[in-house]
Structure formats: C-alpha cells, structure tokens
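Asker:
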Amino acid sequence: MSVADLLRPCFHTEHYIDQVEVVLGVRVDAKDALSFYLADPRHRVVSPNPFFDEAFYRSHYVDIASAVAAGQMLSGFHHYLVSGFREGRYPNAAMRARIARSTAAPRPVPQDEAEAQRIVATSLEARAFLAAFPGFRALDWLNAYGKFLEPELLAPRSANDLMRQEFDAAWYRENYAERFGLASSDPEELFAHYVSIGAPAGASPHARFDEEFYLAFYPDVARNVREGALRSGFEHYVLAGRAEGRLARYSLAEAAEAALPGVAVPRAFERIEALRAMRHRAAARRKPAGARRTLFALAPRLNPDIAFGGFKAFNELLLALEPWLARREMDLALILTESAAASIRYALYHWRGSPIGSLIERLPVYDFLDELPAIGPRDRFLAYSALDTLMARRLAARTDQPVVLSLIQEDEAIFHGHNTLHAIISEALARDVFPIYNSAALVAHLKANRRSIFAVKPDAELGPDYCFFEHVPTAMPLQSVESMRSRTERNCIVYARPEDHAARNLYELIEMALSELCEEGAFSPAWNFTGLGALRDYPGRRLGGGFCINLHAKMPEAEYGQLMREADLGISLMYAPHPSLLPFELAATGAVVVTNTFGVRTAEWLSAISANIIPCTPDLEGLKTAIRQALPRVEQFEERHARALRPNRRSWREVFDDSFLDRYLAPVID
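Note that our numbering has the sequence shown beginning at 621, numbered continuously upward.
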C-alpha cells in the first residue's frame, strides 16, 4: 500500500485546508490537499485529522521526531497510522491528560472484534474517534484508550441488560396497552412483558426502533428469530446491528442507500458547483494598449498522477506552441480551472528538469476562480477539455475573436450519464470552437454521429473548420522470430484498469473471459498474465485453473519496455470512440492483439491496420471467441513477425511542427 493510500481514509480535507491557511498562510484547493501535504515536509507540520496533533506527537515522542528528520517517516501522523495507534501512543495532549487523570482500574479487553464493536457502539467518544480513523478496529481502540477512559463499558452485560437500558416503558404502555391489555405502569413489569410477549409478537421497545421494519429489511435477522437464535430484531440490534450500521427504522433515503450504495447521494449538487465554476466571472483587467498578445491555455490541473495520453498530447502541444508564438511576438500562459499553486508545486515535484517541467517553470500561471490575468482584445484561448472550453469561451467573448482552440481527444459527453453535464458538453463543442481532434478515427465517429462541430455544420472541412493529429505511440521494438520461439513461458499482457475513471476499458469483461477460458483449459501451464494501467498495484486476481493475473500501476519506462518485448498475447478494450494506443503498441512488438470494435472502428478497419489484430464485439462471448482465435496464432512466429504493425515513427515535434501550426492554428490566432 502506498503512503497516499494509507493516509487517504483518515485525511480530513476541510480540517487540513483550514489549518494550512491559519498556520502556513496558504490557500489550498480541496482536490489537491493530499498532494500538497505529501509534496513538502513543511506542509506536514499541519495535522490533517482533528483527533491528531502533529506538534504534540513529535515533541512528546522524541524517537518519532528523529525518524521524521531522518526521512524514515513522512510525519508523526504517518507513524501514528502505521503503528503508533496500536502501540497506544497518545494522538494529542488532551488524550494523554485524560488517561493520566483516570483513577479507575482498567478492565480486561475482549478478544472478539464483534464484541468490541458492540461495546464501543455505546460510547460517543469512541464512535467519533473511529469515524475519524476509518480502518482502525474497535478492539484496538479499547486496548489503546478505552480500557483507561471508560472501563465501565467493559463490564459484562447480557442482552437483557442492553435492551433494558434503552427500553421506554411509558412509550411501550401508551402504544400497546390496548393491544395487550396492559394495566401495570411498573417499568420492570412492562419490560418483562416486552421480552416474553411483546417482542415475539412484533412490538417495538421505543419510538426510535421499528421491529417490523427491521425484520422485513434484514432477512438474515428474521431467519435467526424464526429459528430461535434470537428473541427479536431489537436483541440483534443492541448486540450487533447498531455497530454494523444497520437501520433501526424506515427512512427512504437510508433504506435505498443500504440496498443500492450511492443511489441516494445527491450528485446533482456537486454538478451544480461545477456549473457555477464554469459561469464564474473572476475579475479580469484590461491589458494596457500596446501590451504583447497572449495565448492562454486552460486546463483543469497539472497532475502527473493522472497525466494519461490526453495530457501527454496537451503538454506536447504547449511545448510546440511556445517558440512558435514567440516568433509571432505572442506569449503563452496557463489558466488552471480547478487548482493553481498546489497543482503547479506538485507537477514540478514530478516533472522538474523535464521539458514540460521547465516550460511550466517559465510560464505565468493563473487561477480561473481567483486571479484572472489582464486580457487584451487580441488575446487568444486554447482549452484542454470540454469544460475548459466553456470557461474559455466566456473569456474569449471579451476579445475580437470569440472562437476558442479546443483540444478534443474523445467524445467527452460519454464520460457522463444523460445528465446536465452531458447536455452542456455536447453543446459546448459545437459552437465558437476550432476543434483540434486527436485521431482521424475520432473525426470519423463525430462526423458519422453528428457530434461536436458536425452537429451544426455537417459539411465542416479539414483546415477551415477543424484539424486533427495522430497520437504518437510509445516506440516498441519488434520481437525477433527467434526470441518468440525461444521463450519457455508465454505472456498475456492486459490493459487492466479496474477503477471507475477507466470503466470504458471494460476490465470486468476481460477478467470474466480469461477466468472462464482458464477454467476450460484453453491456456497451457506456460502462460503468465500481467495487467497494466491501474492506478496502483493490486493483489493477484485468481482466474481459475491455477492461474492469476497481477495488476500493476505505471511502470518505469525500461521495465515497461522489457515486458512489452516479451508479449505474446495482448488484450486491450476501449468502449469509446477514440482508439486506445496500447493495442497498436502491442501489435508493433509482434504480439497477437485482441481489441474491440466500436462504431466506425469496425473489424475491417482494425484488421487493415495489422493482421495481428483480432477484432471482437464488446461482449463476453465475442471476447472469448477472439481469444480462442488468437491462441493458436501465438505459435505462428514467422507470421507474427511478418504481420506486425509497422507504425509511422513520427515524433511529437514532427506532429506539431510549424507547418501544422501555420496551416491550422494561425488563422484563429492571427
């Protein structure tokens, strides 16, 4: 697990942002808070958790301060999550003082986590602490602090004791007197009636718990009650249900959320904030007369962790534009629409010394929501994405050229359901833009489906109305016939991206297809399966038949190249208009590659690129059929070598050369 993954669940962004502004005098964007924390030791003197005091922890534990100074730990907070909590170290001075003042003798702690959860469920302090540190166990809290702070919680109590503690005698009598003929007002007699008669008949103990709902909503509890393992749903609730987060009574939103996690989250509120940002009018001054012109490039952020192929093209275009604009006596500047200072700092942490890092250090950078630059009538705008295009159009409206250069690298509406953003994005890319499309295949899709500029101008022409470029794939060496033949193992390389942001890569289909084929015995024991493209390394996923697939995050270039040089079978799916790069990189090595069709990306179109590419329909049976077809061709080494893709070895400098910029971008910029 990476440090970021360790910290993320316990990293309270709003708390950290507030503390950073007070302690460091810096404003940090919420989306960049964790990156900002990790980027610099000075940023880690501020605690990102309300229950943890970094300054106290380092001053109280000299060994931890030494470990941080030596670089063995990023911070005291890092140590606390790794081992400090389980060692019983104090997270703050108040906790230390309270335990020091405790006079009660600590009781033994139970060894069962379920029992520990039942115990801490009755402690407001414990629940608040564990909510602030997801992943910490109730048992650990009791061992570290609870046995000192609230030893009475550990006193053995029966289910009857727990139910009696919450039983509301007056409410029970008021609601069930007529049904059961209750005459007594004595709380003990009413509780005895509830346990022996009321609860088995479906009565509730108080207004905050609904017995009938609980048994209807949780069939496992109802089964235990029927079989006699429990006397009532309420008995289960006090013993385990509350600690498990089960609902005590009906609530539409909570019941729907329990059945379908995420269904009751008001995502529209988040989209409203995004839409408001697009319409935000940050103060923009007018440039003084005679000031140099500027091309402002708008992008959401500069984050190397998510700088996939699209950001690579954007960065390369910026590198080409700077000297070309200088010859036109124009400047280049960046406007970040989601974050600024923290984003730049983090980008330079990764990219410093590289061509794009050096460019970022030279360029002025502005925050769309805070500090727009002065804008002149002849300034121009380039947008990285559809949402950036919307914001750029608002700024371009202040100039004599309302048309925005828009880098379109996908039919971006597909990233959203049929919601407001889908509708707005579809409209944004149709008017007042000069599209710079990534690939002829994307152009063909948009034209065939009347999308983007073709929605309002079906006869739009290359040059006057739009342009396109072909993405530069990573150069892959062609395997020799001898190297293919001499390997004793066979390697299947999979584009494996299980995270939601890459759902269009259809990872589920790939794993299911491979699992079923492995179970059927389609693969010999010589096969290895490796997944590329995830955001982190994942434990091996079992495929059946004794096989597993290991999923890896971005690799160093040398390691990636070595892996690709030994590829026999590649599987890379993309349920989207833009063709993925990995199938073509794999085909260039001489591997047999399975990839899916989509719209104008037909089987004929794919096969014409390389005979080593086997197209499939994007469904389970189609993928399995294509893999079965591919397996015998893996052993045809001479044919694999002869059919390998011979790509055009153009560089980015050649793609975005002066002739491209002069022909397509100059008419908009000049």
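All C-beta atoms, glycine included, are put in the ideal place defined by N, C-alpha and C.
Being a predicted model, the structure only gives us computed values, none of them experimental.
Check TYR986 in the structure and name its three-state DSSP category.
Answerer: strand
Asker: Count the other CB atoms within 10 Å of the CB of SER1100; is the residue buried (16 or more) or exposed (fewer)?
Answerer: exposed
Asker: For PRO711, tell me which candidate among ALA919, LEU1137, TYR700 has the shortest Cα-Cα distance.
Answerer: TYR700
Asker: Where do the N-terminal and C-terminal ends of the alpha helix (DSSP H) with GLY1181 fall, by residue?
Answerer: 1177 to 1184
Asker: How about ILE955 and ALA1133: do their beta carbons lie closer than 9 Å?
Answerer: no
Asker: Kindly list the residues whose CB is nearer than 7 Å to the CB of TYR636, restricted to its own chain and excluding five residues on each side of it in sequence; keep chain order.
Answerer: ALA653, TYR657, VAL666, PRO668
Asker: Are there 16 or more other CB atoms within 10 angstroms of the CB of GLN1029, so buried, or fewer, so exposed?
Answerer: buried
Asker: Between the alpha carbons of ARG972 and LEU1025, how many angstroms are there, rounded?
Answerer: 27 Å
Asker: Here's the rule: buried if 16 or more other CB atoms are within 10 angstroms of the residue's CB, otherwise exposed. What is GLU1255?
Answerer: exposed
Asker: Using the Cβ count rule (16 or more neighbours within 10 Å means buried), how would you classify ILE892?
Answerer: exposed
Asker: How many Å lie between GLU1136 and ARG862 at the Cα?
Answerer: Cα to Cα, the separation comes out at about 40 Å.
Asker: With DSSP as the reference, label LEU922 as helix, strand or coil.
Answerer: Note: LEU922 maps to coil in three-state DSSP.
Asker: Between the C-alpha atoms of PHE695 and MET783, what's the straight-line distance to the nearest angstrom?
Answerer: Position check: residue 695 holds Ser in this sequence, whereas Phe was assumed. Straight-line Cα distance between these residues: approximately 44 Å.
Asker: Looking at C-beta atoms only, is the number of pairs between the region 790 to 804 and the region 829 to 847 that lie closer than 8 Å three or more?
Answerer: no
Asker: Can you give the Cα-Cα distance for SER1046 and ILE1034, rounded to whole angstroms?
Answerer: 10 Å
Asker: Relative to the C-alpha of TYR792, which candidate in SER1200, ARG757, PHE829 has its C-alpha closest?
Answerer: PHE829
Asker: For HIS1091, which option in LEU1082, ARG1018, ALA1080, ILE1056 has the closest C-alpha, if you only look at C-alpha atoms?
Answerer: Taking only the C-alpha atoms, the option nearest HIS1091 is ILE1056.
Asker: Along the chain, where does the beta strand (DSSP E) that runs through ASP1157 open and close?
Answerer: Careful: ASP1157 lies outside any beta strand (DSSP E) and carries neither H nor E.
Asker: What are the residues that DSSP puts in a beta bridge with ASN1111?
Answerer: ASN1148
Asker: For ASN923, count neighbouring Cβ atoms within 10 angstroms of its own Cβ and tell me buried if that reaches 16, exposed if not.
Answerer: buried
Asker: Is DSSP giving PHE672 helix, strand or coil here?
Answerer: coil
Asker: Ignore the nearest five residues each way along the sequence and tell me which others in ALA1006's own chain have a CB closer than 6 Å to its CB.
Answerer: GLU1032, ILE1045, ALA1048, LEU1049
Asker: Which residue wins for smallest C-alpha separation from PRO661, given the options ARG1110, THR1237, GLU1139, ARG965?
Answerer: Among ARG1110, THR1237, GLU1139, ARG965, the Cα nearest to that of PRO661 belongs to ARG965.
Asker: Nearest to GLU1186 by CA position, among VAL1220, ASP1079, GLU1102, is which residue?
Answerer: GLU1102
Asker: Cβ atoms of GLY1151 and ILE1169: under 9 Å apart, would you say?
Answerer: yes
Asker: Find out if the Cβ-Cβ distance for the pair PRO993, ASP1020 is shorter than 9 Å.
Answerer: no
Asker: Taking its Cβ as the centre, do 16 or more other Cβ atoms sit within 10 Å of VAL885, making it buried, or is it exposed?
Answerer: exposed
Asker: Between HIS1038 and GLY1219, is the Cβ-Cβ spacing less than 9 Å?
Answerer: no
Asker: Specify the secondary structure class of PRO1235 as computed by DSSP and reduced to three states.
Answerer: strand
Asker: Counting only beta-carbon separations shorter than 9 Å, does THR1215 have a partner in chain C?
Answerer: The structure shown contains no chain C; it holds only a single protein chain.
Asker: Taking only three categories from DSSP, how would you classify ASN1268?
Answerer: coil
Asker: Using a Cβ-Cβ cutoff of less than 6 Å, which residues in the same chain neighbour ALA1223 once the five nearest sequence positions on both sides are dropped?
Answerer: THR1217, PRO1235
Asker: Do three or more CB pairs link the region 1156 to 1176 to the region 1062 to 1079 at distances below 8 Å?
Answerer: no
Asker: Between the Cα of GLU707 and those of ILE1233, ILE684, PHE916, spot the shortest distance and give me the residue it belongs to.
Answerer: ILE684
Asker: With burial defined as no fewer than 16 other Cβ atoms inside 10 Å of the residue's Cβ, what is the status of THR957: buried or exposed?
Answerer: buried
Asker: Using DSSP's beta-bridge definition, name the partner residues of PHE1054.
Answerer: LEU1025
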